[in-house]
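Q:
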Amino acid sequence: MTVWLPVLLPVLVGVTTFLLGETRERLRVLVNLAGAVLSSGVVIALVVRAYDGAVAGSSVEMLPGLALSLEADLLGLLFSAVATVLWAVTLVYAFGYMAHAENRARFFGFFALCIASANGVALSADLLGLFVFYELLTLATYPLVVHSGTDEALVAGRRYLYYALSGGAALLLGVVWLYAIAGTVPFTPGGALGAVAGRTGELRAIFALLAGGFGVKAALVGLHRWLPGAMVAPAPVSALLHAVAVVKAGAFGMVRLVNEVYGPELATSLGVAQPLAAIAAITILFGSIVALRQDDIKRRLAYSTIAQLSYITLGVALCSPLAAVGAVAHLAHHAVMKITMFFSAGSLAETHHIKRLSALDGVGHLMPATMASFAAASFGLAGIPPFAGFFSKWPLGAGAAESGQVWATLLFVTSGALAVGYLAPFLVRAVRPAAAAREPGAESDPRMLWPIVIVGALSLVLGLLAGVPGSPLDWAARAVAPSYAGWSPW
Amino acid sequence: MNLVAHLPVIVIMMPLIGASIAFVAGPRRAPLVTVATAVLTIAPVAWLGARVLAEGPTRYEIGGWGGPLGIVLVADGLSAAFLGLVAIVGLGVTLYATGYYRVATGSRPGPGHGLYWTLWLFMWSSLNALLLTGDVFNVYVCLELVGLSAVALVTLAEGAEPLRAAMRYLFASILGAMTYLLGVALLYAATGVLDMRMLADSLGPSVAAETGLALMVAALLLKTALVPMHFWLPTAHAAAPSPVSAALSALVVKGSFFVTLRLFLDVMPAGYLGGADVLIGVLGAVAIVWGSIQALLQERIKLLVAYSTVAQVGYLFLLFPLARHGGEVLSAALLGVLVHALAHAFAKSSMFLAAGVTLKRFGHDRIADLPGTARRAPVIAATFALAGVTMMGLPPSGGFGAKWLIASAALASGEWWWAAVVLVGGLLASAYMFRLLAVFMAAPGGRPLPVGGVRTLRTEWVPLALAAASFLLVLAVPLVTRLAEASAVVAQAGGVVP
Amino acid sequence: MSTTVLYPLLGAALFALGVWGLLARKHLIHKVIAANFLGSGVFLVLIGLAGRTAGADPDPVPLAMVLTGIVVTVALTALALALIKRYYSATGLDTLEPAEEAEQ
Amino acid sequence: MRDRERLLAPVPVLVALATLAVVTRAVLSLPRSAEGLYGPVAEAAARAGISNRVTAVLLDFRGYDTLLEIAVLMLATVAVLSLREDPRQLYRRLSERATPVLAALTRILVPLAFVVSVHLVWIGSSQPGGAFQAAAVLGATGILLSLSGYARPQWVGRTAMRSILAVGLLTFIGIAVLAMVAGGALLEYPEGTRKTLMLVIESLLTLSIGASLASLFLSSASGDSERDGR
Amino acid sequence: MVDGLVRAIGSGAFLADDLAVTFGVLFSAIWGISALYALVTVPSDERGRLFAYFVPAAVGGIGVAFAADAVSFYLCFALMALPSWGLVTHPRTAEAHRAGTAYLGVTVLGEALLLAALMLLAAEAKSIHLAELRGALAAAEHAGVAFALVVAAFGLKLGAIGASGALPLTYGTAPAGAASALAGATVKVGVLGLLRLLPLGEVVPDGWGAAVIVLGLLTAFGAAALGVLTTTPKAVLGYSSASQMGLVLIGIGAGLADPAAGSWAIAAAVAYSVHHGLAKATLFLGEDVVRHATGHFRRLALAALVLPALALVGAPLTSGFVAKYALKHAVHDAAGALPHLAGTLLSWAAVGTALLMLRFFVLLMQEPVDQGAGTVGGAAAPRRAAAVLWASMLALVAGAAWLWPAGWAADAAHSAFDPTSLFAATWPGLVALAAALLARRLARGAVRLREGIVPPGDLVAGATRVVSAWLAPVPAPVIAGGRTRATGLPRMLLEAEGFWTVWAVAAGVFVVVAVVLVLVAA
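Chains as they are written, first to last, in our numbering: chain A, 402 to 891; chain B, 15 to 512; chain C, 8 to 111; chain D, 308 to 537; chain E, 51 to 572.
Structure (structure tokens):
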């Protein structure tokens with residue numbers, strides 16, 4: 402029963418926040434923080450239990466013969482832990498960031514609902530559950546994207562919907578079709594389609610539909626245009642949702658699809674994994690190159706997210722055990738690093754109204770702590786040891802090489818170089834002497850600063866502690882191992 | 015006299031008696047009588063539903079005359095579900111109307127010299143009669159009762175537009191009713207029987223019977239406003255006062271659909287009318303697309319919601335091409351359509367009621383001039399959001415359950431294109447719903463701020479409750495499943511195994 | 008061509024005339040009259056077919072149906088006329104769609 | 308719109324002919340002779356002791372249809388009542404037209420008509436007659452009374468008038484439910500009481516339907532009121 | 051494998067084999083003295099900023115020698131390379147930033163190639179220890195790709211042909227102390243990397259050795275040519291480093307070509323690294339001292355500079371001679387035509403180096419006296435300390451030849467006295483001197499030739515300019531919202547609906563549908 406808590410608790414928080422109304426600020430802060438901490442506690446408890454093998458699960462009958470079932474397996478818990486813990490941190494940041502914005506009750510309410518659906522996506526035990534929460538995520542995120550209500554936000558919101566809902570429709574068609582031929586498909590490491598493996602034609606079409614559906618949120622090239630547009634949302638939304646919860650749901654879906662629905666062997670034998678890998682590779686290059694040319698800070702980070710997300714898709718699509726470990730670890734590492742960057746971007750915009758890269762000169766002296774955290778995250782993203790990013794990029798590259806696809810190793814490495822390309826300007830300009838006259842020493846609001854420093858430090862700590870059991874890398878290894886018969890990470 | 019045996023009759027007579035008493039009691043006390051009748055009708059309906067679940071379909075011979083002579087009332091799973099729907103939405107509309115009309119007309123309780131309440135109870139009883147009757151001619155009389163009360167209720171709105179809309183509606187229902195009667199005449203001439211069950215047994219390949227049934231089905235399609243015969247619905251439903259349009263869209267349309275369902279599933283053997291059921295399916299698909307596009311282009315909320323009815327009705331008719339396959343496909347599709355009918359009724363009625371309150375509070379319902387409503391009237395915005403989610407068929411709303419079942423039935427039957435239509439319909443629905451929600455979420459900005467208005471508890475919270483019901487319907491699906499299984503046709507098809 | 012065929016055919020003709028009237032005639036009163044044509048057409052078909060019984064008097068059930076039908080038609084016509092009167096007093100129009108040049 | 312008009316002119320004729328063809332084909336395909344329900348009705352009517360088979364079908368076998376039919380009529384009346392405009396103007400115009408000749412004629416005709424309608428109700432069970440015919444006569448007297456100024460149109464809104472209108476339907480339902488209470492199904496008259504019960508229903512129905520017909524006329528006879536749409 | 055990777059981080063697998071000790075000592079010496087020199091010469095307000103970058107670079111630079119597994123090696127390599135960007139852009143002039151960007155580009159590319167190579171080998175060897183990676187290289191499934199990646203990664207660091215422009219760019223703008231460290235220590239990390247990963251002395255697919263030798267030759271002569279034509283003294287030194295590293299490549303190539311020559315190749319590479327490191331560092335420091343010196347002190351400094359220059363050329367009794375001795379042995383031991391050809395060309399390479407040194411002196415003498423804070427006349431104290439530090443480096447360079455630990459160094463020193471090797475070591479210098487005098491007379495008029503036509507960084511600088519122009523940031527597109535009136539298709543649809551609901555049409559359609567239903571039913 403506890404498996405439902407990570408989903409129900411945030412919903413409870415969300416609803417109470419709505420009911421509390423706009424004025425009761427203190428109560429809202431209390432409810433949200435308590436909810437976040439409690440949910441994280443529950444998730445961590447589930448993790449501890451899952452570590453020694455006890456996988457808790459429970460299901461609710463939704464339609465005749467169709468149940469909405471959740472299961473606290475290691476893979477799901479990783480994503481859920483990332484979403485919930487970072488939710489708590491983002492809340493602190495958001496209280497600072499939204500200090501003088503309006504419609505805050507609505508904002509924090511939907512924020513909690515988003516996390517609930519993200520947890521739902523993480524913990525669902527079969528494709529149907531994943532789809533249900535996947536669509537709920539779209540719904541809960543829309544009001545946040547259009548929060549400011551300006552025309553630009555509405556246009557971005559509309560585009561977000563076009564993509565997300567058509568993705569959802571493709572996913573629904575795929576899921577229905579799969580259920581029609583293979584019955585309910587619970588996630589079983591190593592693939593659950595043994596019985597119908599014969600019907601290759603249909604399975605390929607279904608894979609295309611499902612990959613397309615997940616691809617929208619995983620921002621594969623062609624399906625990515627909504628993400629840069631969604632940057633018009635307030636910083637906490639871009640940080641938590643468009644770097645951690647929403648886009649990761651798409652990537653997480655890919656992992657489940659390849660590892661636990663089709664299974665690596667079937668995916669390769671059907672010949673569906675290679676095209677997916679190709680698309681992901683193109684996305685990585687596309688995202689990195691376009692990111693080089695973006696002057697707007699958040700758009701540059703958005704394109705960087707597009708590229709980094711496809712690390713996960715490519716990692717899984719290579720169908721090599723080590724690469725999959727790297728992909729899943731990257732899911733956590735990238736979340737921590739990218740959220741630092743978006744926090745910093747948000748704090749830059751909020752404190753000094755800097756939204757463009759060209760206006761960034763000398764900000765390092767003004768906001769040393771923020772820019773230091775940003776630097777830590779950038780080094781991590783570029784995959785430079787000892788930061789966290791390296792420890793997901795290394796298994797990805799080595800895994801690719803191990804499975805003989807050397808082109809993928811070269812790709813990971815070049816995109817790492819490109820990452821330095823689009824991140825170096827931040828540090829280079831930050832270190833320069835302050836060009837224009839700026840208020841000296843105006844570091845961001847403490848409620849914003851502390852979360853930035855915490856997640857910045859986390860990008861380094863996760864790297865240093867990569868060896869410790871319980872670190873994302875080790876966690877990923879245990880989560881992915883069962884999907885690859887006869888392969889153990891040690 | 016054990017009350018349980020007479021439940022079907024009580025369910026029909028209660029609102030009829032209520033209507034007469036309300037009429038006699040006069041305008042001031044009529045609202046009270048109506049609310050009392052509404053509450054009193056819900057009890058037998060619930061009881062009847064429980065009885066049907068326990069003992070399966072029951073037949074009630076009026077006047078003790080069984081056989082071809084007398085009229086038999088049939089209460090099975092389907093009718094119990096629809097009766098429940100009419101009861102719940104009816105209660106909601108009644109409560110809303112008491113608040114809505116006190117606000118609107120100050121002292122004078124309700125338009126049309128206070129006769130709104132009588133007409134509304136007449137419509138309720140005629141709907142109950144229509145859902146329970148097992149006799150083809152009796153259906154004609156009930157259809158007339160429903161049509162007449164609907165037209166009368168539409169005329170209660172102020173201004174000339176409702177009168178023209180009512181006029182078109184009246185002529186349409188006259189044309190439909192007469193065609194239906196002609197069909198009955200031919201059918202009776204061919205088979206010599208009026209009772210549906212006996213018809214099912216004695217239906218042979220006679221040209222007259224086929225022509226008769228075809229005419230009857232055509233008339234029913236007109237009354238359910240299936241595209242291209244939807245011309246009367248948008249103007250009528252948009253012009254009517256909002257409690258009336260809620261009842262029209264949610265209940266009246268479903269009534270005639272229910273009879274079509276009875277004819278196709280209980281009376282006619284599979285494929286009896288040849289390609290007719292596929293033709294109806296195709297018209298349903300066209301309805302979904304055409305209705306949604308028109309809804310997307312409308313400037314006013316009530317017209318948008320009315321055209322959305324035209325579209326959503328299309329889903330119901332996707333059942334018929336699938337019903338041919340019988341067995342598992344039929345039961346899954348039937349359950350899907352049943353869940354959709356319920357979800358749509360709740361969502362649609364909540365939207366019309368919310369539109370009514372918007373009209374009252376802001377003086378107009380032009381979509382473009384309603385910015386920032388989410389901030390000014392959060393309950394209305396929440397209602398539209400919840401109902402919208404159901405219309406779009408996004409999980410975990412009831413709408414999603416329906417779409418899932420219809421789509422999986424279509425895929426299981428191999429005619430996958432119906433599943434595609436369902437999905438496209440979902441996308442189109444989200445197009446026009448989000449257009450509305452986007453305006454609600456927009457910042458007021460420079461545009462004129464809407465005029466504030468009196469907010470009463472009932473008019474705000476009843477629509478929200480109905481919308482929530484449509485959303486949480488998914489939890490009631492197991493109950494609806496057992497109701498569907500209790501229906502005669504599904505029993506033959508071997509229960510519901512999607 | 009015995010009466011049991013002639014009368015139903017006449018009824019069908021009346022029904023067709025009613026359909027034409029309802030479609031072609033613009034004036035509302037004409038439409039109501041056409042509606043009554045429809046009604047009487049159907050009733051004639053009913054009674055005509057009822058006469059096919061071997062014995063002297065016809066099958067009573069269609070007769071009862073006709074009686075009920077007549078009452079319902081009366082009710083409909085009454086409502087239609089009242090509605091037309093109210094519509095006329097409200098808009099001064101005696102057709103459904105206002106004359107072309109007036110609007111659109 | 309002009310050219311579209313010309314284009315569509317022939318459509319109604321074609322459509323009407325198509326309907327005619329379809330119905331004719333159906334009628335011609337019917338067997339020349341068919342018993343329908345003649346036999347069962349004759350036998351059941353004999354058993355129930357009602358000579359006029361149509362009345363038996365109308366009031367006994369398919370009594371439920373008739374009940375709903377009465378409901379339709381009452382509904383129509385209520386609908387027309389809801390459509391009426393302000394009754395006060397109505398009274399002024401009607402009373403102006405009352406002439407002495409009309410008043411005298413009314414005084415003679417009304418009692419005569421009343422007697423005729425009672426007779427019609429009584430013979431209804433055996434010969435052609437019955438509630439509707441009697442009601443028609445009553446309706447006519449109602450119109451005469453209002454034209455001659457004796458009856459005032461605003462009475463239509465009164466409780467008394469409304470109760471008369473409703474009494475027909477209420478008694479019919481009342482008796483039907485009584486039959487249920489007495490152990491049978493709805494409208495299953497207990498043995499031997501059928502004739503008297505039917506007569507009670509018939510007479511009260513006559514009263515209600517007569518009142519309905521009169522009020523249908525009265526509430527819409529508002530003369531040339533100004534065209535201020537309300 | 052994962053846990054191997056993971057556990058390695060925890061324990062920080064470092065070791066001290068003889069290679070590590072040698073390079074460790076070399077690097078710490080150079081980084082140490084450069085640090086002291088920078089401490090002394092850089093003005094105090096900028097000192098904080100310089101050392102913020104200098105210290106991590108130094109730690110990385112020294113740590114890299116001792117790294118034993120791939121991750122630690124890559125960690126130290128990055129720790130050394132990235133902060134060096136700060137050293138390059140220290141003067142904060144536009145030219146410094148351009149050089150910084152170029153340096154960053156080359157470094158990042160080098161790191162990427164290195165990482166790819168390490169990943170490939172780690173996957174192959176199923177472990178991350180450098181020794182095992184080295185063992186797995188030859189037999190690897192994608193051996194060719196891995197080999198190319200390793201050579202490319204470290205070639206970029208060494209300034210192999212094509213990238214040789216990177217070195218002058220890097221040293222041109224760095225302050226004196228930093229430049230000496232970069233030139234002395236960081237370049238040698240390339241050699242260390244090659245020694246760690248390339249299986250010298252083992253059987254290797256043929257063609258590898260030849261490729262490296264060719265690369266070495268091209269680099270040696272190409273860099274020398276560019277050096278002669280470049281404009282600033284520091285640039286000349288940069289190109290000379292590249293050219294010297296070309297020689298090292300030749301040695302390693304010989305080691306790969308024939309396993310027999312493996313041990314000598316390693317010895318040559320190590321010797322060259324030590325010799326070149328010390329000499330080049332001294333030259334850089336000397337250049338700075340000379341620029342700040344005036345009068346007779348300047349002449350004295352110039353004279354002292356001749357010693358490291360001679361060492362570079364490989365004059366007898368200098369460390370250069372010892373290194374060249376080892377290189378000759380490596381080349382001769384390797385069988386095959388190409389090594390022998392390389393052997394003969396070696397001496398011509400020495401000519402190249404001599405020419406470079408002459409070019410350096412010519413340009414240095416033309417340098418205006420830098421009146422900056424550090425001139426001898428001015429704040430005497432720091433300059434004098436700088437001079438003392440430089441003198442200590444000079445002593446190291448001189449002594450290096452004698453106190454060489456390796457056994458074979460003793461007979462190398464003795465061979466200096468037998469006539470043949472004596473002659474072989476001196477004739478290149480003389481030829482270079484003659485060519486230089488001839489060139490001066492011929493090009494008396496052409497000032498531009500004296501000025502030098504090749505801008506420092508040639509190819510690399512050009513590429514950077516093009517890329518950064520392309521990267522001009524694009525402002526975010528502004529989305530215009532606003533309502534769209536119903537025109538075009540929507541208007542048509544609305545009219546269609548309008549037509550559809552005209553009563554006559556609508557009712558007609560109903561009847562048509564009824565008729566169609568009947569017909570369909572038939």
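Every residue gets a Cβ at the ideal spot worked out from N, C-alpha and C, and that includes glycine.
Please return the same chain residues whose Cβ sits closer than 8 Å to the Cβ of C/V73, not counting the five positions on each side in sequence.
A: Sequence index remark: in the third sequence, residue 73 of chain C carries index 66 (1-based). Contacts found: F50, L53 and I54.
Q: For the alpha helix (DSSP H) that A/V461 lies in, which residues bound it at each end?
A: Residue 461 of chain A sits at position 60 when you count from the first residue of the first sequence. No alpha helix (DSSP H) contains A/V461, which is instead part of the beta strand (DSSP E) from G458 to L464.
Q: For D/V318 and C/A42, I'd like the C-alpha separation in whole angstroms.
A: Here the question's residue 318 of chain D lines up with position 11 in the fourth sequence. Here the question's residue 42 of chain C lines up with position 35 in the third sequence. The straight-line gap from Cα to Cα measures roughly 18 Å.
Q: Are the beta-carbon atoms belonging to B/T274 and B/V231 less than 8 Å from one another?
A: In the second sequence, the residue the question calls residue 274 of chain B occupies position 260. In the second sequence, the residue the question calls residue 231 of chain B occupies position 217. It is a contact, given that the beta carbons lie within the stated cut-off.
Q: Could you spell out the range, first to last residue, of the alpha helix (DSSP H) harbouring B/S322?
A: By one-based count along the second sequence, residue 322 of chain B stands at place 308. Segment I315 to L330, the alpha helix (DSSP H) holding B/S322.
Q: Exposed or buried, which one is B/H354 when buried takes at least 16 other CB atoms within 10 Å?
A: Position 340 of the second sequence, counted from the start, is the residue given in the question as residue 354 of chain B. So B/H354 counts as buried.
Q: Please report the straight-line C-alpha distance between A/T741 and E/I263, rounded to a whole angstrom.
A: By one-based count along the first sequence, residue 741 of chain A stands at place 340. By one-based count along the fifth sequence, residue 263 of chain E stands at place 213. Roughly 48 Å between the two C-alpha positions.
Q: Can you give me the C-alpha to C-alpha distance between E/M295 and E/G209, rounded to a whole angstrom?
A: In the fifth sequence, counting from the first residue as 1, residue 295 of chain E sits at position 245. In the fifth sequence, counting from the first residue as 1, residue 209 of chain E sits at position 159. For E/M295 and E/G209, the distance between alpha carbons rounds to 8 Å.
Q: Along chain B, which residues have their Cβ under 9 Å away from the Cβ of D/L337?
A: Walking along the fourth sequence from the start, residue 337 of chain D turns up at place 30. Result: L200, A203, A204, S220, V221 and A222.
Q: Just the Cα atoms here: how many angstroms apart are A/S705 and A/A692?
A: Position 304 of the first sequence, counted from the start, is the residue given in the question as residue 705 of chain A. Position 291 of the first sequence, counted from the start, is the residue given in the question as residue 692 of chain A. Taking the straight line from one Cα to the other gives about 6 Å.
Q: Could you check if D/Q434 is buried or exposed, using at least 16 other CB atoms within 10 Å of its CB as the buried criterion?
A: Within the fourth sequence, residue 434 of chain D is the residue found at index 127, counting from 1. Looking at its Cβ environment, which holds fewer than 16 other Cβ atoms inside 10 Å, D/Q434 is exposed.
Q: With 8 Å set as the bound, which would you pick, yes or no: does the beta-carbon of B/G298 sit closer than that to a beta-carbon of chain E?
A: On the second sequence, residue 298 of chain B is found 284 positions in, with the first residue counted as 1. Output row for B/G298: interface = no.
Q: Which chain A residues sit within Cβ distance under 9 Å of E/A166?
A: Within the fifth sequence, numbered from 1, the residue matching residue 166 of chain E stands at position 116. Those are G798, A802, V807, T810, L811, F813, V814 and T815, listed as they occur along chain A.
Q: Just tell me which of A/P826, A/V412, A/V416 and A/A565 has its CA closest to the CA of A/D697.
A: Translated into positions along the first sequence, residue 697 of chain A becomes position 296. Per the Cα distances, A/P826.
Q: For B/M212, would you say it is in contact with chain C, using Cβ-to-Cβ distances shorter than 8 Å as the test?
A: Taking the first residue of the second sequence as 1, we reach residue 212 of chain B at position 198. Chain C contact via Cβ: absent.
Q: Tell me, please, whether the CB atom of D/D535 is closer than 8 Å to any CB atom in chain B?
A: Counted from its first residue, the fourth sequence places residue 535 of chain D at position 228. Unreliable placement is indicated for D/D535, whose pLDDT of 35 sits below 50; no coordinate value is reported for it.
Q: Could you work out which residue in B/E172, B/A39 and B/L297 is closest to B/L129 when comparing CA atoms only?
A: As a first step, residue 129 of chain B is located in the second sequence; it is residue number 115 there, counting from the start. Among B/E172, B/A39 and B/L297, the Cα nearest to that of B/L129 belongs to B/A39.
Q: Between the region 157-185 of chain E and chain A, which residues of the former have a C-beta closer than 8 Å to a C-beta of the latter?
A: Taking 8 Å as the Cβ-Cβ cut-off against chain A, the residues of the region 157-185 of chain E that qualify are V158, L159, E161, A162, L163, L165, A166, M169, L170, A172, A173 and E174.
Q: Given this structure, state the Cα-to-Cα distance separating B/A434 from B/G197, to the nearest angstrom.
A: Within the second sequence, residue 434 of chain B is the residue found at index 420, counting from 1. Within the second sequence, residue 197 of chain B is the residue found at index 183, counting from 1. So the alpha carbons of these two residues sit roughly 35 Å apart.
Q: Per DSSP, which residues does D/Y440 bridge with? Please list them.
A: Against the fourth sequence, residue 440 of chain D aligns to sequence position 133. At residue 440 of chain D the sequence reads Gln, which differs from the Tyr that was named. Bridge partners of D/Q440: none, in fact.
Q: Could you tell me which chain E residues have their CB closer than 7 Å to the CB of D/V329, listed as they occur along the chain?
A: Along the fourth sequence, one-based indexing puts residue 329 of chain D at 22. In chain order: V565 and V568.
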